[in-house]
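Written as structure tokens, this is what we have:
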């Protein structure tokens, strides 16, 4: 850790956390109880690139710009995190109306400014809350009527029944993923640790959680040459190699993909389920981007639906699927709304699951209310429908256009290739790194993608995350960028990017 | 676990989770990957009595009443959990106004119904949010301006400066407590586990978290004979006994006390700090009830203030203090707002702390907004002040009256004694259990306090939590009740309680 950080200083000079080291303690009466030598080693092992050193440096640059320091750019463009509203997306009117009424029903339930359908949604939610207040704790698994609405949404989406008792609300999908993963740990060390299969590249929550719980990551590589497809032989290779040093238990799939933007075909999903069955694995399906599918010919298929339709011999597979208010067309990250549907769990295990979440009491009830609107939006006969539809289509239409623009622009650059962004909110282009750049990075003691991204930030103000934060095949170099900035801003960003990239190539030619 | 549950069935007959066992799987194609024999053993060890079997049974009785089943009572009174709004407390108008404006500024920022001070609070909060939206992620540690407001509150409360960089927002205080405790783990098993000193009786979050992280609880008993005082010799006894089987690292104090309702004197706090210094412990001060002090002569003293005023040789002690939106006079449990102030951490450890919370992205921004109102309420010159003051004083005045009523009523019952409820929201009376009741409980294979509380629930509809869920000296029997029901309801509850208790004593005399 320490040396990696020191190495970073050589390229970016002034990462925030180094500053505190200089503090002088005049009164040093005892040594600290906690030091980095003795804190929880699993916490120390956690990494979370999406909020790592490059993002800290981006915040510093913003402060420098504010303080009037001259830079070759006038603003920082944060393309490091899928934070829709921060990059200019407007909240859905209907969602905010419902949550506002839930928050202040005394003043808003009879306010003529608010439409009847928003009021009836709020009434339904409040009827499920203790004392009709979102200030009361909900059941640990969430407000009952909201779980019923989620079950109706899933039933309608898949054409197969969903039981509200299989659903629990969580503090964003992240919290649900951590809860299920925690349950799957063996509690033992060495070669008896639980093995968790994750795609590489992956969303860093997975490696961070695996580190936190002292589990063993089983990395399977997505096939970049086939638009990041999930190949069964690669799953087999990775699990076979892992058996000697852990107990494989869980297979994580992110669909649509983060950071890779692919959308799995139905056949691919069937093969994955087949594999999970053969290898006796629990499936964790991260489906938070289920509304974010852009490419022609691509469609979202839920693991639950596919599994259900594969016939009776698959009806026993343990599957947990995750959804969030943070993505899709709503992008309500700050509400920390999310849910998990867990099916086919042993009933006694389900008891343990519910017990484990009860110590956290419940997830934010306003986040639960936001989740309710996502699964129960205005229907075509309701007064809020036209505006809702317009806002939703605007966001998804823009994202579709931006997905195409990003793919095409990066592919038009020399020594850069980018798979089609079929879904989600990210591109993960590969840089064919010039040998001289590789040499320079080696000299500086940093991965070449980290060097590239820091130089990009310093010279253009664009903040993207190095591929090494997500994992990549050794010897390849990528970065993740969101496709979120507004169309005009994104165009400008891609132009700044192109200019930088050309300069980079000519520097290291 | 299994046998404890089965034993419970003998007294309450139909705990919900047993129902699922009867489900028949017609297609049993493979055994489950996860069973209670192989899930995370630390999760299995967790217990959380406040939402345990008795609460599940209470919900069932509510359903039975709804379905028209005849009972000797017409409603269930939930005195098991500090859920203020669920028991009838009204939300603070100002708090809800600010959060509603933050939620729907497009419609409410210019609404003449909303007062200027609520609007200026909302504006300040939104100015700190990405895209001026509470739907954007905040920094991992929380919205900067909210952390500044918290720092100003602490500075003002203690008369000593507070640095906003020492504060992070969390999903209720529970989340903050878990975060700090996680950091303090050794990551090792056996006699190298981290030891965490906790009061007995304790709030079950502590034992649940200690179990989850495979730490070692070091139980120190509060002195019931001296109004649940925290005696230093008892701290010394418990840590000395623990040294052989763990590495003592953390001392947890709950002040005002949960479930015990005592308020520590300043001198007592000084002695505790002195002890922590001598024994090289990190202090965790659960101060979520800092606004809930009722008894004459009692006052809240923060650990930060006392530590700061003890002189330079104490300025290096690592202290984490926790606060919440859920308690006090606001009782906004559902928002899951909370903060932690952690002082004197090694700067490198602080980096690790911030990294560990970054993988969770951030706590609910609406919960953060609610927290902001708690630390930055209307001042005497602002338009919302008179109503705010009236609402606040009403709640705290009622709680004071109820604290007195509960103490006096329980003390007036035969074979029952109750320490003065000086603060917080709970009483923890002791039942001097008749020998015949002890015998009957032994026969049924349940602790006598559990038998008592289940009988109370079945016969009166009153739901309180058996003392064994919090810990108590062996051979003593308690229960925890909240003092939250509205005054008239609480009177009725205490009368039902008295009748039951008299019957219980005459049955087992």
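Protein chains in written order, with the UniProt record's numbering: chain A, 1 to 509; chain B, 1 to 509.
From the three backbone atoms N, C-alpha and C, an ideal C-beta is built for every residue, glycine too.
These numbers come from a predicted model, not from an experiment.
Close-in-space but distant-in-sequence residues of the same chain around residue 231 of chain A (CB under 6 Å, 5 per side omitted): Here residue 231 of chain A is taken as the residue at index 231 of the first chain, counted from 1. The answer, listed in chain order, is 223.
Residue nearest to residue 433 of chain A in terms of C-alpha spacing, selected from A:478, A:473 and A:166: Within the first chain, residue 433 of chain A is the residue found at index 433, counting from 1. Of the residues A:478, A:473 and A:166, the one whose Cα lies closest to the Cα of residue 433 of chain A is A:478.
Residue 282 of chain A in three-state terms, based on DSSP: As a working note, residue 282 of chain A is residue 282 in the first chain. Reduced to three states, the DSSP call for residue 282 of chain A is strand.
Cα-Cα separation, residue 335 of chain B to residue 176 of chain B: Residue mapping note: residue 335 of chain B aligns to position 335 of the second chain, counting from 1. Residue mapping note: residue 176 of chain B aligns to position 176 of the second chain, counting from 1. Their backbone Cα atoms lie some 15 Å apart in a straight line.
Contact residues within the region 341 to 352 of chain B, judged by C-beta distance below 9 Å to chain A: Along the region 341 to 352 of chain B, going in chain order, the ones with a CB nearer than 9 Å to a CB of chain A are 344, 345, 346, 347, 348, 349, 350, 351 and 352.
Residue-level contact to chain A via CB, residue 466 of chain B, 8 Å cutoff: Counting from one through the second chain, the residue named residue 466 of chain B turns up at place 466. No, because no Cβ of chain A sits closer than 8 Å to the Cβ of residue 466 of chain B.
Those residues which DSSP pairs with residue 65 of chain B across a bridge: In the second chain, counting from the first residue as 1, residue 65 of chain B sits at position 65. DSSP lists no partner for residue 65 of chain B.
C-alpha distance - residue 253 of chain A paired with residue 287 of chain A, whole-angstrom precision: Counted from its first residue, the first chain places residue 253 of chain A at position 253. Counted from its first residue, the first chain places residue 287 of chain A at position 287. Looking at the two C-alpha atoms, the distance is approximately 8 Å.
Straight-line gap, residue 179 of chain A to residue 255 of chain A (C-alpha atoms, nearest Å): As a working mapping, residue 179 of chain A is identified with position 179 in the first chain. As a working mapping, residue 255 of chain A is identified with position 255 in the first chain. About 19 Å.
Where the alpha helix (DSSP H) containing residue 367 of chain B begins and where it ends: One-based indexing of the second chain puts residue 367 of chain B at position 367. Per DSSP, the unbroken alpha helix (DSSP H) holding residue 367 of chain B starts and ends at 365 to 375.
Three-way DSSP call (helix, strand, coil) for residue 221 of chain A in this model: By 1-based counting over the first chain, the position of residue 221 of chain A is 221. Strand.
Nearest-angstrom Cβ-Cβ length linking residue 423 of chain B and residue 261 of chain B, presumed shorter than 8 Å: Counting from one through the second chain, the residue named residue 423 of chain B turns up at place 423. Counting from one through the second chain, the residue named residue 261 of chain B turns up at place 261. The C-beta distance from residue 423 of chain B to residue 261 of chain B rounds to 6 Å, short enough to fall under 8 Å.
Chain B contacts from the region 128 to 161 of chain A (Cβ-Cβ distance under 8 Å): Within the region 128 to 161 of chain A, the residues whose Cβ lies closer than 8 Å to any Cβ of chain B are, in chain order, 129, 130, 131, 133, 134, 135, 136, 137, 138 and 140.
For residue 170 of chain A: DSSP bridge partner residues: Working through the first chain from its first residue, we reach residue 170 of chain A at position 170. Residue 170 of chain A has A:338 as its beta-bridge partners, per DSSP.
Residue 425 of chain B beta carbon less than 8 Å from that of residue 208 of chain B: As a first step, residue 208 of chain B must be located in the second chain, where it is residue number 208. As a first step, residue 425 of chain B must be located in the second chain, where it is residue number 425. The Cβ atoms of residue 208 of chain B and residue 425 of chain B lie no closer than 8 Å to each other.
Chain A contacts made by the region 172 to 206 of chain B, where a contact means CB separation under 9 Å: From the region 172 to 206 of chain B, only 172, 174, 175, 178, 182, 183, 184, 185, 186, 187, 188, 189, 194, 204 and 205 have a Cβ closer than 9 Å to chain A.
Nonlocal neighbours in the same chain, by C-beta distance under 7 Å from residue 227 of chain A, ignoring five residues either side: Within the first chain, residue 227 of chain A is the residue found at index 227, counting from 1. 262, 419 and 420.
Pairwise C-alpha distance: residue 412 of chain B and residue 488 of chain B: Working through the second chain from its first residue, we reach residue 488 of chain B at position 488. Working through the second chain from its first residue, we reach residue 412 of chain B at position 412. When rounded, the distance between both Cα atoms is 19 Å.
Residue-chain proximity (residue 412 of chain B, chain A), Cβ-Cβ < 8 Å: To locate residue 412 of chain B, count along the second chain from 1; it is residue 412. Cβ-Cβ to chain A under 8 Å: no for residue 412 of chain B.
CB contact below 8 Å: residue 85 of chain B versus chain A: Taking the second chain and counting its residues from 1, the one referred to as residue 85 of chain B is at position 85. Residue 85 of chain B counts as touching chain A.
is_contact[residue 489 of chain A, chain B] using C-beta, thresh 8 Å: Looking up residue 489 of chain A in the first chain gives position 489. No, no contact with chain B.
Continuous beta strand (DSSP E) stretch holding residue 195 of chain A: start and end: Indexing the first chain from 1 puts residue 195 of chain A at position 195. Per DSSP, residue 195 of chain A belongs to the beta strand (DSSP E) from 194 to 200.
Cβ pair residue 142 of chain A, residue 363 of chain A closer than 8 Å: Taking the first residue of the first chain as 1, we reach residue 142 of chain A at position 142. Taking the first residue of the first chain as 1, we reach residue 363 of chain A at position 363. Yes, Cβ-Cβ distance for residue 142 of chain A and residue 363 of chain A is below 8 Å.
Rounded C-alpha distance that separates residue 283 of chain A from residue 126 of chain B: The sequence position of residue 283 of chain A within the first chain is 283, counting from 1. The sequence position of residue 126 of chain B within the second chain is 126, counting from 1. Rounded to whole angstroms, residue 283 of chain A and residue 126 of chain B show a C-alpha spacing of 39 Å.
Whether residue 131 of chain B touches residue 86 of chain A by CB criterion (8 Å): As a working note, residue 131 of chain B is residue 131 in the second chain. As a working note, residue 86 of chain A is residue 86 in the first chain. Yes, these two residues count as a Cβ contact at 8 Å.
Length of the line joining the Cα atoms of residue 54 of chain B and residue 190 of chain B: The count along the second chain starts at 1 and reaches residue 54 of chain B at position 54. The count along the second chain starts at 1 and reaches residue 190 of chain B at position 190. Note on geometry: alpha-carbon atoms of residue 54 of chain B and residue 190 of chain B lie some 34 Å from one another.
Proximity below 8 Å, CB of residue 107 of chain B to CB of residue 113 of chain A: Sequence index remark: in the second chain, residue 107 of chain B carries index 107 (1-based). Sequence index remark: in the first chain, residue 113 of chain A carries index 113 (1-based). With a cutoff of 8 Å on beta-carbon distance, residue 107 of chain B and residue 113 of chain A are scored as near each other.
heavy atom of the ligand ADP below 7 Å from residue 242 of chain B C-beta: Ligands in the displayed structure: none, and consequently the ligand ADP is not present.
Cβ pair residue 124 of chain B, residue 103 of chain A closer than 8 Å: Mapped onto the second chain, residue 124 of chain B falls at position 124. Mapped onto the first chain, residue 103 of chain A falls at position 103. Going by beta carbons, residue 124 of chain B and residue 103 of chain A fall outside the 8 Å limit.
Residue(s) in a DSSP beta bridge with residue 482 of chain B: Counting from one through the second chain, the residue named residue 482 of chain B turns up at place 482. Partner(s): B:426.
Coarse secondary structure for residue 385 of chain A, derived from DSSP in three states: Translated into positions along the first chain, residue 385 of chain A becomes position 385. Three-state DSSP puts residue 385 of chain A in a helix.
Cα-Cα separation, residue 361 of chain B to residue 204 of chain A: Reading the second chain from its first residue, position 361 is the one you call residue 361 of chain B. Reading the first chain from its first residue, position 204 is the one you call residue 204 of chain A. In this model, residue 361 of chain B and residue 204 of chain A are separated by some 12 Å (Cα to Cα).
Whether residue 481 of chain A touches residue 448 of chain A by CB criterion (8 Å): As a working mapping, residue 481 of chain A is identified with position 481 in the first chain. As a working mapping, residue 448 of chain A is identified with position 448 in the first chain. Not a contact, by the Cβ cut-off of 8 Å.
The alpha helix (DSSP H) enclosing residue 237 of chain B, as first and last residue numbers: One-based indexing of the second chain puts residue 237 of chain B at position 237. Unbroken alpha helix (DSSP H) run through residue 237 of chain B: 232 to 242.
Residues that residue 322 of chain B bridges to, as DSSP identifies them: On the second chain, residue 322 of chain B is found 322 positions in, with the first residue counted as 1. Residue pairing from DSSP places residue 322 of chain B in a beta bridge opposite B:286 and B:340.
Chain A contact residues for residue 373 of chain B, given Cβ-Cβ distances below 7 Å: Translated into positions along the second chain, residue 373 of chain B becomes position 373. The contacting residues do not exist; residue 373 of chain B stays about 12 Å from chain A at best.
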